[in-house]
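Note sheet for the following structure.
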Amino acid sequence: MLFDTHAHYYDEAFDADRDQVLSALPGAGVGLVLCPGCDIPTSQASLELAEKYPHVYAAVGIHPENLDGVSLDHLDQIEAMAAHPKVKAIGEIGLDYYWVKDEEGQKRERDFFDAQLDLAEKLDLPAIVHDREAHKDSLDLVKAHPNARGVFHCYSGSVEVAKTLVILGWTLSFTGVITFKNARKAIEVLEWAPLDRVMIETDAPYMAPEPYRGKRNDSRYVSRMAETIAAVKGLPVEEVVRITTENGRRLFGI
Ligand code: NI
């Protein structure tokens with residue numbers, strides 16, 4: 001049974017057939033899905049999907065690209081939603097210096113990441129971290145929260161940073177990027193990474209793996225990530241599926 005640990009099913013890309021796609025997943029071997037929110041409305045939408053489908057769980061949080069018009073007071077609403085039993089993490093949260101280049105905007109991202117890591121620690125929930133071109137500052141903030149734990153989703157950092165994160169107790173998660181031809185860096189991380197700290201995800205509707213690249217992504221394709229990791233590690237695919245699902249259940253308490 002596969003666990004897609006990161007898929008955005010509230011996205012409008014699923015408006016036409018969301019129920020059909022989600023209902024078909026258990027029959028297609030995907031027994032668990034975690035849907036992270038990116039702001040208050042999509043966190044609420046994730047929670048509603050988790051209430052509707054037994055195999056869907058939610059995370060709530062404010063993504064670094066969605067801070068316009070948001071104040072730290074809004075985190076009270078995230079905290080209130082996090083009390084729901086199907087909310088299993090704070091996310092997705094983090095830093096994005098690819099889309100936000102100005103110093104003031106990046107400082108604001110750090111303030112929100114810091115506050116949401118505080119919240120994760122306070123609620124004893126794992127965090128789902130988005131780190132794009134902000135590896136050093138992400139690592140520094142994680143180090144400043146020794147009781148926080150969680151996952152770096154769509155891991156894009158170096159082997160060096162991965163080693164530090166694993167020592168700090170964090171998990172690394174991999175998307176369809178590992179199936180792309182130019183995935184050398186992520187493959188190097190996978191070659192090193194202990195399998196008990198690896199999870200798989202689609203990040204649907206984006207980043208469909210090969211050979212579906214460019215199409216709408218959905219959780220069925222997470223099997224491609226398991227196959228790729230099995231090839232890198234020289235292990236049977238079933239073993240990678242079993243261990244990555246176990247890792248997700250353990251981290252999120254499912
Ligand atoms: Ni995402």
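Each residue of the sequence shown is one higher than the one before, counting from 1 in our numbering.
Every residue, glycine too, gets a C-beta built ideally from N, C-alpha and C.
The structure displayed is predicted, hence computed values, not measured ones.
Run of the alpha helix (DSSP H) containing residue i, from where it starts to where it stops
i      : result
Glu238 : Val237 to Phe252
Met199 : Where Met199 is concerned, there is no enclosing alpha helix (DSSP H), although the beta strand (DSSP E) it sits in stretches over Val198 to Ile200.
Ser138 : His135 to Lys143
Arg18  : Arg18 to Ala24
Thr5   : Note, Thr5: premise wrong, no alpha helix (DSSP H); not H, not E.
Leu172 : Premise fails: Leu172 lies in the beta strand (DSSP E), Thr171 to Phe174, not in any alpha helix (DSSP H).
Asp114 : Glu103 to Leu123
Beta-carbon separation (whole angstroms), residue i vs residue j, contact threshold 8 Å
i      : j      : result
Cys35  : Val56  : 6 Å
Asp39  : His63  : 7 Å
Ile200 : Val222 : 5 Å
Ala7   : Ser219 : 5 Å
Leu257 : Arg108 : Only positions 1 to 254 of the chain appear in this structure, which leaves residue 257 out of reach.
Arg249 : Phe3   : 7 Å
Ile229 : Leu190 : 6 Å
Cβ neighbours of residue i in the same chain (closer than 7 Å, five flanking residues each side left out)
i      : result
Phe14  : Val21 and Pro205
Asn252 : Before going further, note that residue 252 is Phe rather than Asn in the sequence given. Within the same chain, Phe252 has close Cβ partners Leu34, Tyr57, Lys88, Ala89 and Pro126.
Tyr98  : Arg132 and Glu133
Arg184 : none
Straight-line gap, residue i to residue j (C-alpha atoms, nearest Å)
i      : j      : result
Glu188 : Gly176 : 15 Å
Ile93  : Gln116 : 7 Å
Phe152 : Val129 : 5 Å
Leu165 : Leu139 : 8 Å
Glu210 : Lys181 : 9 Å
Ala186 : Met225 : 12 Å
Glu239 : Glu227 : 10 Å
Gly31  : Leu25  : 7 Å
Leu119 : Asp76  : 10 Å
Sequence-distant residues of its chain with Cβ nearer than 8 Å to residue i (five each side left out)
i      : result
Trp192 : Val159, Ala162 and Lys163
His74  : Ile40 and Ile62
Ser173 : Thr5, His6, Val151, Phe152, His153, Cys154, Tyr155, Val198, Met199, Ile200 and Glu201
Tyr9   : Arg18, Val21, Leu22, Val33, Cys35, Ser46, Leu49, Val56 and Ala204
Pro236 : Ala230
Among the options, the one whose alpha carbon lies nearest that of residue i
i      : options                          : result
Trp170 : Ala183, Met225, Gly31 and Leu195 : Leu195
Leu168 : Ile178, Arg149 and Cys154        : Arg149
Phe113 : Ala83, Asn66, Pro85 and His84    : Asn66
Glu51  : Val241, His84 and Glu12          : His84
Gly37  : Ala28, Pro54, Gly27 and Asp11    : Asp11
Run of the beta strand (DSSP E) containing residue i, from where it starts to where it stops
i     : result
Ile93 : Val87 to Asp96
Pro36 : Val30 to Pro36
Neighbourhood of residue i by C-beta distance below 6 Å, restricted to the same chain and skipping five residues each side
i      : result
Asn147 : Glu121
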